[in-house]
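Chemist:
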Amino acid sequence: MRFRRFTLGSAIVVAAALSAAGCAFDPSSVPVPGTTVSGPTYHVRIEFSNVLNLPARAKIMANGAQVGTVSGVTVVKPGAGGYVVVDADISKSVRLPATTVAELRQNTVLGDIHVALTTPPNGFGTLLHDGSTIPMAQTKPPVQLEDTMALVAAFTQGGAVTQLQDVIEQFNRTLPQDPAQTARISHTMATDATDLADNLDRVDALLNGLGTNAQVLHDIQPELDDILSRTSVDQMNGITDSIVGVTKIFGGLGPVGASLTWLGPVLRDADGAARAFAPLLLSAGPVDLSRPSNLQAVVELLRDKVIPFVERGPKVNILGVRSDASADVPPDQQTDRILATLRMIGVVR
8 MRFRRFTLGS AIVVAAALSA AGCAFDPSSV PVPGTTVSGP TYHVRIEFSN VLNLPARAKI
68 MANGAQVGTV SGVTVVKPGA GGYVVVDADI SKSVRLPATT VAELRQNTVL GDIHVALTTP
128 PNGFGTLLHD GSTIPMAQTK PPVQLEDTMA LVAAFTQGGA VTQLQDVIEQ FNRTLPQDPA
188 QTARISHTMA TDATDLADNL DRVDALLNGL GTNAQVLHDI QPELDDILSR TSVDQMNGIT
248 DSIVGVTKIF GGLGPVGASL TWLGPVLRDA DGAARAFAPL LLSAGPVDLS RPSNLQAVVE
308 LLRDKVIPFV ERGPKVNILG VRSDASADVP PDQQTDRILA TLRMIGVVR
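In short: position in the sequence shown from 1, add 7, done, that's the numbering used here.
#1: Who pairs with K84 in a beta bridge, going by DSSP?
#2: Let me make sure I understand the geometry here. Which of T76, G261 and E318 has the alpha-carbon closest to that of V336?
#3: Would the beta-carbon of P149 fall within 9 Å of that of N57?
#4: I'd like to know if the segment 92–110 and the segment 138–156 are in contact, where contact means that at least 3 CB-CB pairs between them fall below 8 Å.
#5: If you measure between the beta carbons of G138 and S100, is that distance less than 9 Å?
#6: Which word fits G75, buried or exposed, when buried means at least 16 other C-beta atoms lie within 10 angstroms of its C-beta?
#7: State yes or no: is the C-beta of L61 within less than 9 Å of the C-beta of I97?
#8: Determine the closest residue to E54 out of N70, I67, P85 and V93, with distance taken between C-alpha atoms.
#9: Locate the alpha helix (DSSP H) running through D194, then write down its first and last residues.
#10: Can you give the Cα-Cα distance for R237 and E230, rounded to whole angstroms?
#11: Using the three-state DSSP reduction, which class does H50 fall into: helix, strand or coil?
#12: On the CB-based measure, 16 or more other CB atoms within 10 Å of its CB, does F32 come out buried or exposed?
#13: With DSSP as the reference, label D173 as helix, strand or coil.
#14: Determine the burial state of T133: buried for a count of at least 16 other Cβ atoms within 10 Å of its Cβ, exposed for fewer.
#15: If you draw a straight line from the C-alpha of S249 to the C-alpha of G216, how long is it?
#16: Taking the alpha-carbon positions, what's the R350 to N244 distance?
#17: Taking L124 and I67 to be in contact with their CB atoms under 8 Å, please state how far apart those CB atoms are, rounded to whole angstroms.
#18: By DSSP's criteria, M68 is part of a beta bridge. Which residues make up the other side?
#19: As a quick exercise: from K84, L135 and L59, pick the residue whose alpha carbon is nearest that of H50.
#20: So who's on the other strand from I97, going by DSSP bridges?
#21: Examine chain C for any beta-carbon lying closer than 9 Å to the beta-carbon of R64, and answer yes or no.
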């Protein structure tokens, strides 16, 4: 009876131990032929922002050949700002530069994800060695198939295909119905494109000019800011309103000019008087009547111009009307009186 109890207890302990060991056992840790590289390897750490769906013992490919396997994945700083470190065992016969770029790829839709290493054409002066790290700046996260399918679904269901069909229909309606006209338009467009290609130097000159103008505008930005400020704009609006008002003034002066056309003959008749008075007005002193020429000019002005103008008025040329003989004053006497008056006020001597 005691032996039977001991055997039962031992069986229970062994079963519990096997269960615990089975839970801690990782089948991927058992090397399977064909999944690893042969020969000695060196360890390289690769930093990724995301390694979702990366299987254990994933292959590491470089230039289409397997150069290593993934030995482990470690999460560093879980949460925001964290990243994942992939431990890679690389064959010692493979030389990889320090500038190698690592990314997660999937050759087919249902294929396994692997680590792909892309080596640059140069930069083999510094190589990766045991314990080296490929930083996150040189790695690319995987493109999730679910995200790609979601983008395709959004594209197809978002109306993009329908919009493309509408664009094609509008394009067909825009083109002429006659194929010959369409061919002519195509020929013209081809000719324009050829001409543009033959004159690329002029296009470059145009673009350079536009670039120079843009640079000039950029250099005078403070002046432009002042010109386009609110105060300057208000001042320009005020100046514009003032110019409009001045234009209206000139328009209002039009009838005035038309009403002063009668002054033309009067001003032409006053040319003689202006010539006679010019020496008097432009000289610094009074007119010297002791000179015969000055005296004769003043006498002719008064007798022939001033006295007839005062007596008869403008535009009056009636010479046959006379007053009583006793009331008439001879022109010579009138001239003498005017000269005496001019001497009294200091105009003549």
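Where is the CB? At the ideal position from N, CA and C, for every residue including glycine.
Since this is a predicted model, take the numbers as computed values, not measurements.
Modeler: Taking the definition as stated:
#1: The residue labelled residue 84 in the question sits at position 77 within the sequence shown. DSSP lists no partner for K84.
#2: Working through the sequence shown from its first residue, we reach residue 336 at position 329. V336 has its Cα closest to that of E318, out of T76, G261 and E318.
#3: Reading the sequence shown from its first residue, position 142 is the one you call residue 149. Reading the sequence shown from its first residue, position 50 is the one you call residue 57. Yes.
#4: yes
#5: Against the sequence shown, residue 138 aligns to sequence position 131. Against the sequence shown, residue 100 aligns to sequence position 93. No, the Cβ-Cβ distance between G138 and S100 is not below 9 Å.
#6: Within the sequence shown, numbered from 1, the residue matching residue 75 stands at position 68. G75 is buried by the Cβ-count criterion.
#7: Position 54 of the sequence shown holds residue 61. Position 90 of the sequence shown holds residue 97. Not in contact: L61 and I97 (Cβ atoms no closer than 9 Å).
#8: As a first step, residue 54 is located in the sequence shown; it is residue number 47 there, counting from the start. With distances taken between Cα atoms, E54 lies closest to V93.
#9: Taking the first residue of the sequence shown as 1, we reach residue 194 at position 187. Looking at the sequence provided, one finds His at residue 194 rather than Asp. P186 to D205 is the extent of the alpha helix (DSSP H) around H194.
#10: The count along the sequence shown starts at 1 and reaches residue 237 at position 230. The count along the sequence shown starts at 1 and reaches residue 230 at position 223. About 13 Å.
#11: The residue you call residue 50 lines up with position 43 of the sequence shown. In the structure shown, H50 sits in a strand (DSSP, three-state: E or B).
#12: In the sequence shown, counting from the first residue as 1, residue 32 sits at position 25. The predicted model places F32 with a pLDDT of 43, which falls under 50 and marks its position as unreliable; any figure quoted below should be read in that light. Label assigned to F32: exposed.
#13: Position 166 of the sequence shown, counting from 1, holds the residue named residue 173. Three-state result, D173: helix.
#14: In the sequence shown, the residue the question calls residue 133 occupies position 126. T133 comes out exposed.
#15: Sequence index remark: in the sequence shown, residue 249 carries index 242 (1-based). Sequence index remark: in the sequence shown, residue 216 carries index 209 (1-based). Approximately 37 Å between the Cα atoms of the pair.
#16: Here residue 350 corresponds to residue number 343 of the sequence shown, with the count starting at 1. Here residue 244 corresponds to residue number 237 of the sequence shown, with the count starting at 1. C-alpha separation (whole angstroms): 60 Å.
#17: Numbered from 1 along the sequence shown, position 117 holds the residue referred to as residue 124. Numbered from 1 along the sequence shown, position 60 holds the residue referred to as residue 67. Contact holds; Cβ gap of about 7 Å.
#18: Residue 68 sits at position 61 when you count from the first residue of the sequence shown. Per DSSP, Q73 and A123.
#19: Counted from its first residue, the sequence shown places residue 50 at position 43. Comparing Cα positions, the closest option is L135.
#20: As a first step, residue 97 is located in the sequence shown; it is residue number 90 there, counting from the start. Paired residue(s): Y49 and G75.
#21: This model lacks chain C altogether, as it is built from one protein chain only.
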